[in-house]
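Chemist:
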Amino acid sequence: MSSKNRILVLGRIKATNYGDVVIADCCAWLLNKIIQEKNKGRLFFGKIPKVGISNVNKTQEKIVRDNIENYDKIVFPGGGINSLKVTNAILARLNTPARFRMYFNAIGIHPERQRKELSDNIERVLNDERVRQVTTRGDLDMTREYITSDKPYPIEWITDPAIWSGEVYNVKKDPDSNLIGIGPIRPEIFNEQDPDVSIDEVYAMYEKLLAEADSRGMQWKLFCNGTEPDYAFAKELLDCFGYDSAAHLLPKPEGARQLVETISRFSGVIAARFHANIISTALDIPSVALVWNVKMRGFSELIGAKDRYIEGIDKLLDAPFLLDRLEEAIKEGYDRERINREKERAYHTLENIVND
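For the sequence shown, this note's numbering begins at -17 and goes up steadily by one.
Structure below.
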């Protein structure tokens, strides 16, 4: 056992968008859980091996000092691999003589970022002979297009590991809350994904949303996932529209657990950051997503909540529509049976890694 399951999770653990850190934490926690359950009742000489976590985006010098030769298996825990920095860092490890098997869990590949150099990197990474399993949280057909080599395990479409964040951080929602959480995202990001969406329209979207929440007598606060640009934008919004930041802005979280704890305070969420919505779902807090990227579609389909993931600037500027959807979502709740099935599917694909 111990000689086959020395596992290293390579995640974005230094990111200030703590959704990325939640991914790594949840994947490592699930792998540890699987190892523990697999070995119940067995006798061991020494401790059951635990899963290590390391930062994928290390400098070349630090990659050399990663001691990957001490690990049998390396896991990319999930999230987008649409980055030259990330793919180059993975290739740097694959180009070492260390003998390990590699697994890609719940990855995202987005068509708008398929520059040739990046596409070539993704293809090289996913077809390396040491890669044993690839699962995606996004476009299954697109993922398959990149993979030309045979794998021992099928390519599957699964949910993001952050769907387990309630259990991982042992955080539960506040059942008595009537506070709505609104999670802005820096305004440029909509424009970067869709040039037809102007920054002025993004400001107008939030202005209308806050005014409509006031007109309905809702209690609300802004929050962010941890990035300084999002937090600065939230403060700017409140200043622009005449609100008191002390009354309407929650502190910027300083870690992944604090992000999950922040979201647990809400009865409902409207947010643009993907993992604000995933964590809300994990905590059974209904959310409405302000969609700026196709990566959000797959998750909404898996959990049966496509009507709560709102796309298109016309709908995003319709504040009464957005808040109607939120109020309906709060009344309806989630299809927990469906979500639990998706959690188990994600869990079982990670079991393949432990058992391989």
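In this text, a Cβ means the ideal position worked out from N, Cα and C, and glycines have one as well.
To the nearest angstrom, report how far apart residue 296 and residue 179 are at their CA atoms.
Modeler: Taking the CA atoms as reference points, residue 296 sits about 10 Å from residue 179.
Chemist: Does the beta-carbon distance from residue 92 to residue 275 come in below 8 Å?
Modeler: yes
Chemist: Report the rounded CA-to-CA distance for residue 156 versus residue 163, giving the unit in angstroms.
Modeler: 13 Å
Chemist: Figure out for me which residue from 173, 235 and 316 has the closest Cα to the Cα of residue 210.
Modeler: 235
Chemist: Which runs of the alpha helix (DSSP H) spanning at least 4 residues fall entirely within the segment -2 to 85, listed in chain order?
Modeler: 0 to 20, 42 to 46 and 66 to 76
Chemist: Among 65, 86 and 2, which one has its Cα closest to the Cα of residue 328?
Modeler: When C-alpha distances from residue 328 are compared across 65, 86 and 2, the shortest belongs to 86.
Chemist: Could you pull out every residue in the same chain whose Cβ sits closer than 6 Å to the Cβ of residue 62, ignoring the five residues on either side in sequence?
Modeler: Only 90 meet the Cβ criterion.
Chemist: In angstroms, rounded to a whole number, what distance separates the CA positions of residue 249 and residue 160?
Modeler: 5 Å
Chemist: Mind the definition here: the segment 107 to 117 touches the segment 163 to 176 only if three or more C-beta pairs lie below 8 Å; say whether that holds.
Modeler: Touching, no, given that fewer than three Cβ pairs across the two stretches are closer than 8 Å.
Chemist: What three-state label does DSSP hand residue 202 in the structure shown?
Modeler: strand
Chemist: Helix, strand or coil for residue 117 per DSSP?
Modeler: strand
Chemist: Going by the beta-carbon positions, is the gap between residue 335 and residue 13 smaller than 8 Å?
Modeler: yes
Chemist: Using the three-state DSSP reduction, which class does residue 184 fall into: helix, strand or coil?
Modeler: helix
Chemist: Take residue 309 as the anchor and find which of 173, 117, 55 and 268 has the nearest alpha-carbon.
Modeler: Its Cα nearest to that of residue 309, the residue 268 stands out among 173, 117, 55 and 268.
Chemist: Which class does residue 301 belong to by DSSP, given the choice of helix, strand or coil?
Modeler: Collapsing the DSSP output to three states places residue 301 in a helix.
Chemist: Can you have a look at residue 330 and say buried or exposed, based on whether 16 or more other CB atoms are within 10 angstroms of its CB?
Modeler: exposed
Chemist: By alpha-carbon positions, which one of 121, 184 and 67 ends up nearest to residue 284?
Modeler: Of the candidates 121, 184 and 67, 121 places its Cα closest to the Cα of residue 284.
Chemist: Between the C-alpha atoms of residue 189 and residue 219, what's the straight-line distance to the nearest angstrom?
Modeler: C-alpha separation (whole angstroms): 8 Å.
Chemist: Is the segment 300 to 316 touching the segment 236 to 256 in the sense that three or more CB pairs, one from each, lie closer than 8 Å?
Modeler: yes
Chemist: Find out if the Cβ-Cβ distance for the pair residue 193, residue 142 is shorter than 8 Å.
Modeler: no
Chemist: Please state whether DSSP places residue 146 in a helix, a strand or coil.
Modeler: helix
Chemist: Among -13, 4 and -11, whose alpha-carbon lies nearest the alpha-carbon of residue -5?
Modeler: With distances taken between Cα atoms, residue -5 lies closest to 4.
Chemist: How about residue 69 and residue 104: are their beta carbons less than 8 Å apart?
Modeler: yes
Chemist: Could you pull the start and end residues of the alpha helix (DSSP H) that residue 280 belongs to?
Modeler: 277 to 284
Chemist: Can you list, in chain order, the residues of its chain whose CB lies under 6 Å from that of residue 76, leaving out five sequence neighbours each side?
Modeler: 110
Chemist: State yes or no: is the C-beta of residue 301 nearer than 7 Å to some heavy atom of the ligand ATP?
Modeler: Ligands are entirely absent from the displayed structure, and the ligand ATP is therefore not among its contents.
Chemist: Using the rule of at least 16 other Cβ atoms within 10 Å of the residue's Cβ for burial, across every protein chain shown, is residue 154 buried or exposed?
Modeler: exposed
Chemist: Quick check on the DSSP output: the beta strand (DSSP E) that includes residue 253 runs from which residue to which?
Modeler: 250 to 253
Chemist: In whole angstroms, give me the CA-to-CA distance for residue 345 and residue 71.
Modeler: The first residue shown for the chain is -17 and the last is 338, placing residue 345 beyond what the model contains.
Chemist: Check whether the Cβ atoms of residue 207 and residue 60 lie closer than 8 Å to each other.
Modeler: Not a contact, by the Cβ cut-off of 8 Å.
Chemist: Alpha carbon to alpha carbon, how far is residue 229 from residue 199?
Modeler: 15 Å
Chemist: Tell whether a beta-carbon distance below 8 Å holds between residue 273 and residue 151.
Modeler: No. Outside cutoff.
Chemist: Identify, in the order they occur along the chain, each residue of the same chain with its Cβ nearer than 6 Å to the Cβ of residue 196, setting aside the five sequence neighbours on each side.
Modeler: none
Chemist: Just verifying my parser: in three-state terms, what is the DSSP assignment at residue 246?
Modeler: coil
Chemist: Can you say whether residue -1 is buried or exposed, counting buried as having 16 or more other CB atoms within 10 angstroms of its CB?
Modeler: buried
Chemist: Determine the extent of the beta strand (DSSP E) in which residue 265 is found, giving its start and end residues.
Modeler: Premise fails: residue 265 is in no beta strand (DSSP E) and is neither H nor E.
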